[in-house]
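Number 90 in full-length UniProt numbering belongs to position 90 of the sequence shown; there are no gaps in the numbering. We put the CB at the ideal spot given by N, CA and C, even for glycine.
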Amino acid sequence: MIKLILRRILIMIPQLFIVSILVFCLAKAMPGDALTGRAQNPNADPASIAEQREKLGLNDAVPVQYVRWIKNVAQGDFGKSYTHKLPVTEIVGDRLVNTIWLGILTLILTYALAIPMGIISGRWNDRWPDKIVTGYNYLTFATPLFIFALVVLFLFGFKWDLFPTGGSIDPQVESGTFAYFLSKINHMILPAFSQALIATTVTVQYLRNEIIETKFKDFPRTARSKGVPESKVYSSHILRNSLLPVAAFLGYEITGVIGGAVFVENIFSYPGIGQLFVSSINLRDYSVVTALVLMTSLASLVGTLLSDMILSWVDPRIRIE
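Now the structure itself:
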């Protein structure tokens, strides 16, 4: 296991290096920069704008800018936001905490919904419970996340007024209190619920297929022939083996949650890194954009490593070399 982790970490280093080059070059290839919007202001002094661009090194060759940027990133310095006039790490840090809590709640809801539905669908396949779950799967698979989130926001936020429609906390509550914690959860329910319902599709289908395949193998038949109750056959034999792909898929679920945050955070006005990413692109704040893409790429690579580690730990017969 230790060799696997070390080997994968060593592989991640050149992968991140290649991603950093692509991200930086794509950011520079986009039209304009952080000072472009100011230059469009009729009261802005062109000479002053040109002086600031030279001072910030925006006129240097792209390779020179990249080398300067990557040296700072290696030291944990992602630069300064041109828009917010604050260090990028400080801006991202405030939003990152919100996205992490939203992602945790999304994953909890995803598995709390997907695992029971997958078990029901696989155990009673081709019967009415399976048909209901399969119909739900078709619906969630065919519905884009942003469409589903808008419907949820309209119904539960505006029409029925059951949950907040924006923000991450009620400004009237005091920080550190139990009411503060409840307010955080209350603001996360709609975006997390919207993303979780769409994310259950793959997990339900994987678990259903695994249960159907496993229950016709020899070892469940042997257990039944020995008089083991059917409920124990499912819990101790079939389900235990069927959960392997679900456990291995956890890392990829984390990647999906990060990608979905871009949609749900903007739709629900939730102040996380997804909303910050879109606003930074609109404002041409490329120092923030490159930092966010690099961080999410690292999270995706770590999620993939986590999936392999979980699969190897859950089933000792599997060793990923």
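- When only Cα atoms are considered, Gln195 and Ile258 end up about 11 Å apart.
- Counting along the chain, Ile21 sits inside the alpha helix (DSSP H) bounded by residues Ile2 to Ala29.
- Taken atom to atom, the span from the alpha-carbon of Leu26 to that of Phe146 is near 25 Å.
- Taking the Cα of Ala112 as reference, the smallest distance to any Cα among Trp128, Gln172, Phe193 and Asp170 is reached at Phe193.
- Around the beta carbon of Lys85, fewer than 16 other beta carbons lie within 10 angstroms, which makes this residue exposed.
- Between Ala247 and Ala114, the CB-CB gap reaches or exceeds 9 Å.
- Look at Lys85 here: in three-state DSSP terms it is coil, with no helix or strand label.
- Within the same chain, Cβ atoms closer than 6 Å to the Cβ of Ser121 are found at Asp130, Val133 and Arg208, the five residues on either side in sequence being excluded.
- Between Ser280 and Thr83, the CB-CB gap stays under 9 Å.
- If you compare the alpha carbons of Phe154, Gln205 and Met30 with that of Leu283, the shortest gap goes to Met30.
- Your pair Ser20 and Leu294 checks out as a contact, with CB atoms roughly 6 Å apart and the cut at 8 Å.
- Pairwise C-beta distances place the stretch 172-192 out of contact with the stretch 208-220, as fewer than three of them are shorter than 8 Å.
- Under a 10 Å Cβ-count criterion, Ala261 is classified as buried, with 16 or more other Cβ atoms of the shown protein chains found around its own Cβ.
- Going by C-alpha positions, Val204 is about 16 Å away from Ile254.
- DSSP places Glu174 outside any alpha helix (DSSP H), giving it a letter other than H or E.
- A contact between stretches requires three or more CB pairs, one per stretch, nearer than 8 Å, and the stretch 56-69 fails this requirement with the stretch 151-160.
- Asp77 and Leu298 have their C-alpha atoms spaced approximately 16 Å apart.
- Remark: C-beta atoms of Ile211 and Ser168 do not approach each other more closely than 9 Å.
- Assigned with DSSP and collapsed to three states, Lys71 falls in helix.
- Gly251 sits away from Asn98, with the two beta carbons spaced by 9 Å or more.
- Assignment of beta-bridge partners to Lys80 by DSSP yields Pro87.
- Of the other Cβ atoms in all chains shown, 16 or more fall within 10 Å of the Cβ of Val202; this residue is therefore buried.
- Taken atom to atom, the span from the alpha-carbon of Ile2 to that of Leu139 is near 42 Å.
- In chain order, Ala199 place their CB closer than 8 Å to the CB of Gly256, counting only its own chain and leaving out the 5 sequence neighbours on each side.
- Of Phe268, Ser300, Val73 and Lys28, the smallest CA-CA separation from Phe158 is found for Phe268.
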